[in-house]
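Visitor: Positions 130 to 537 (the numbering used here) are the ones given, in order, by the sequence shown.
Each residue gets a CB set at the ideal place from its N, CA and C atoms; glycine is no exception.
Note that the coordinates shown come from a computational prediction; the quantities given were computed from them, not determined experimentally.
The following block contains the structure, expressed as structure tokens.
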Amino acid sequence: MHVPLLDLSEQHRALAEPLRAEIDEILATQNFILGPKVEAFESAIARYCGAKHAIGVSSGTDALLAILMAMEIGPGDAVVTTAFTFFATGGCVARVGARPVFVDIDPVTYNISPAAIESFLAKCARQADGRLVDDGGRTVRAIMPVHLFGLCCDMDAITEIARRAGVPVIEDAAQAIGAEYPRQGGAAQAGTMGLVGSFSFYPSKNLGAAGDAGLILSNDDELAHKIRICRQHGMEPRYFHHFIGGNFRLDEIQAAVLNVKLPHLNGWSAARRRVADVYREEFTRRGLTKQVRLPAEPFRERRLTNHHIYHQFVVATERRDELREHLTHQQIGTAIYYPLGLHQQQCFAYLGYREGDLPETERAARETLALPIYPELSREAQLYVVDAIQEFFSSGRTETPSLVASAA
Ligand SMILES: *Cc1c(COP(=O)(O)O)cnc(C)c1O
Numbered sequence: 130m131h132v133p134l135l136d137l138s139e140q141h142r143a144l145a146e147p148l149r150a151e152i153d154e155i156l157a158t159q160n161f162i163l164g165p166k167v168e169a170f171e172s173a174i175a176r177y178c179g180a181k182h183a184i185g186v187s188s189g190t191d192a193l194l195a196i197l198m199a200m201e202i203g204p205g206d207a208v209v210t211t212a213f214t215f216f217a218t219g220g221c222v223a224r225v226g227a228r229p230v231f232v233d234i235d236p237v238t239y240n241i242s243p244a245a246i247e248s249f250l251a252k253c254a255r256q257a258d259g260r261l262v263d264d265g266g267r268t269v270r271a272i273m274p275v276h277l278f279g280l281c282c283d284m285d286a287i288t289e290i291a292r293r294a295g296v297p298v299i300e301d302a303a304q305a306i307g308a309e310y311p312r313q314g315g316a317a318q319a320g321t322m323g324l325v326g327s328f329s330f331y332p333s334k335n336l337g338a339a340g341d342a343g344l345i346l347s348n349d350d351e352l353a354h355k356i357r358i359c360r361q362h363g364m365e366p367r368y369f370h371h372f373i374g375g376n377f378r379l380d381e382i383q384a385a386v387l388n389v390k391l392p393h394l395n396g397w398s399a400a401r402r403r404v405a406d407v408y409r410e411e412f413t414r415r416g417l418t419k420q421v422r423l424p425a426e427p428f429r430e431r432r433l434t435n436h437h438i439y440h441q442f443v444v445a446t447e448r449r450d451e452l453r454e455h456l457t458h459q460q461i462g463t464a465i466y467y468p469l470g471l472h473q474q475q476c477f478a479y480l481g482y483r484e485g486d487l488p489e490t491e492r493a494a495r496e497t498l499a500l501p502i503y504p505e506l507s508r509e510a511q512l513y514v515v516d517a518i519q520e521f522f523s524s525g526r527t528e529t530p531s532l533v534a535s536a537a
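Structure (structure tokens):
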């Protein structure tokens with residue numbers, strides 16, 4: 130049996146007709162960029178997430194870049210973030226000329242550790258002009274948590290730390306659209322809890338476009354306005370440029386595709402949670418939870434709709450590489466998110482991090498493995514995956530005798 134890590138074909142079959150009708154309409158009108166489909170998508174997402182402003186942009190990466198540019202974060206500044214994330218998070222900070230400060234993760238959730246943020250900020254000093262500066266004299270301008278794999282960070286702690294430090298929070302919610310965080314009397318959604326939040330609609334994300342697309346949410350009128358202008362080269366009115374922006378525009382075809390898909394998102398998230406529940410039950414029932422650490426669900430009992438949206442189902446084991454090889458032989462797709470912390474990437478060598486600086490990030494990079502998960506994944510396919518993992522760990526116990534046998 131072949132079980133891919135992700136298969137979007139079934140989702141597409143169900144929506145093929147409305148998608149084609151939308152695209153045909155756009156081809157007929159020849160209105161390709163920032164038109165009514167983009168506007169409709171922006172208001173739909175603002176409503177869905179519960180944010181005041183939504184600004185559609187060209188990708189999740191460009192969302193982060195536009196935010197940093199609009200906030201005028203640049204040379205002489207520092208942004209505190211996680212090294213256990215997709216490259217764009219740290220890459221955009223460096224691209225605007227600021228320094229990414231990588232702090233360690235919580236080993237249970239893999240999200241940025243509030244305690245690690247706090248211990249970095251404790252080493253910073255308050256200047257007479259109110260700026261918080263690090264030991265290199267850089268101004269700490271933002272804290273950038275990433276809601277990894279579809280689970281919100283510990284936002285109460287992070288928000289409180291940020292408030293005390295007087296530093297805004299930029300949420301990288303690329304993997305967490307619709308993910309909820311428990312708040313008194315209800316829930317807050319990923320991307321709406323900080324000053325500003327970013328999303329990606331890369332095709333493999335939970336809400337995927339037919340190409341690149343992204344979005345920014347904010348409740349701050351002034352910042353949202355500036356980001357909107359930043360999306361078109363800092364231009365307002367046309368051909369008058371107040372500051373330097375970029376071409377971060379979202380096109381109509383992508384927005385139209387996303388408009389068709391958005392009403393299905395909660396159903397897909399629920400289906401992903403059912404897949405996660407089957408994995409959890411099967412790993413537990415077979416007594417595999419000693420060998421394989423399952424993803425944490427800190428908000429499960431909090432009566433939220435989307436306590437986790439399972440962008441990925443990530444397990445951990447010390448024998449990760451062997452397990453992955455075994456699963457590959459059984460035609461089971463897996464992936465490693467991420468094999469190296471950003472602090473250890475060659476392009477960030479200039480930051481001067483050493484092996485051992487972020488031990489939990491480094492351990493997660495060695496031990497985590499993403500298993501197949503998508504809304505349409507069948508129970509049968511899941512049982513095949515768990516069978517293969519069970520087989521791997523039980524054959525591990527007989528490894529020594531077989532080695533002895535082959536040596537003899
Ligand atoms: C996917 C992703 C991005 C970048 O999004 P693109 O649309 O691919 O540019 C940024 N941050 C995280 C955490 C992501 O997973």
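Does the structure place the region 403 to 413 close enough to the region 270 to 288 that three or more beta carbon pairs sit under 8 Å?
Guide: Judged by Cβ distances under 8 Å, the region 270 to 288 makes no contact with the region 403 to 413, as fewer than three pairs qualify.
Visitor: Which stretch, first to last residue, makes up the alpha helix (DSSP H) that contains Leu344?
Guide: Careful: Leu344 lies outside any alpha helix (DSSP H), inside the beta strand (DSSP E) at 343 to 347.
Visitor: Can you tell me the Cα-Cα spacing of Phe428 and Glu309, whole angstroms?
Guide: Those two C-alpha atoms are separated by around 9 Å.
Visitor: In the DSSP output, what is Phe328 paired with across the bridge?
Guide: Phe328 is bridged to Leu344.
Visitor: Excluding the five sequence neighbours on either side, which residues of its own chain have a C-beta within less than 8 Å of the C-beta of Gly337, listed in chain order?
Guide: Once the five neighbours on either side are set aside, the close Cβ partners of Gly337 are Leu137, Phe330, Tyr331, Lys390.
Visitor: Under DSSP, the beta strand (DSSP E) around His371 begins and ends at which residues?
Guide: Here His371 belongs to no beta strand (DSSP E), and DSSP marks it neither H nor E.
Visitor: Check whether the region 359 to 366 touches the region 401 to 408, taking contact to mean three or more Cβ pairs, one atom from each stretch, closer than 8 Å.
Guide: Judged by Cβ distances under 8 Å, the region 359 to 366 makes no contact with the region 401 to 408, as fewer than three pairs qualify.
Visitor: Look up His393 in the DSSP assignment and say whether it is helix, strand or coil.
Guide: Reduced to three states, the DSSP call for His393 is helix.
Visitor: Which one of Val167, Arg508, Val514, Gly226 has the shortest CA to CA distance from Gly205?
Guide: That would be Gly226, whose Cα lies nearest to the Cα of Gly205.
Visitor: Tell me the DSSP bridge mates of Gln361?
Guide: DSSP lists Asn376 as partners of Gln361.
Visitor: Can you name the residues that DSSP bridges to Tyr310?
Guide: Note: Tyr310 sits in a beta bridge opposite Ala317.
Visitor: Return the bridge partner residues of Met273 from the DSSP annotation.
Guide: Beta-bridge pairing links Met273 to Thr210.
Visitor: What is the C-beta distance between Gln318 and Gly279, in whole angstroms, given that I count them as a contact (C-beta under 8 Å)?
Guide: That belief does not hold up - the Cβ atoms of Gln318 and Gly279 are roughly 12 Å apart, past 8 Å.
Visitor: Which stretch, first to last residue, makes up the alpha helix (DSSP H) that contains Val186?
Guide: No alpha helix (DSSP H) holds Val186; the beta strand (DSSP E) holding it covers 182 to 186.
Visitor: Looking at the secondary structure, which residues open and close the alpha helix (DSSP H) in which Thr288 lies?
Guide: Per DSSP, Thr288 belongs to the alpha helix (DSSP H) from 284 to 294.
Visitor: In angstroms, rounded to a whole number, what distance separates the CA positions of Ala223 and Thr434?
Guide: So the two alpha carbons sit approximately 36 Å from each other.
Visitor: Where Ser327 and Met273 are concerned, what is the direct C-alpha to C-alpha distance, given to the nearest angstrom?
Guide: Approximately 10 Å between the Cα atoms of the pair.
Visitor: Where Val209 and Gly220 are concerned, what is the direct C-alpha to C-alpha distance, given to the nearest angstrom?
Guide: The alpha-carbon atoms of Val209 and Gly220 are separated by roughly 13 Å.
Visitor: Classify Phe249 as buried or exposed, calling it buried when 16 or more other Cβ atoms lie within 10 Å of its own Cβ.
Guide: Its Cβ being crowded by 16 or more others within 10 Å, Phe249 is buried.
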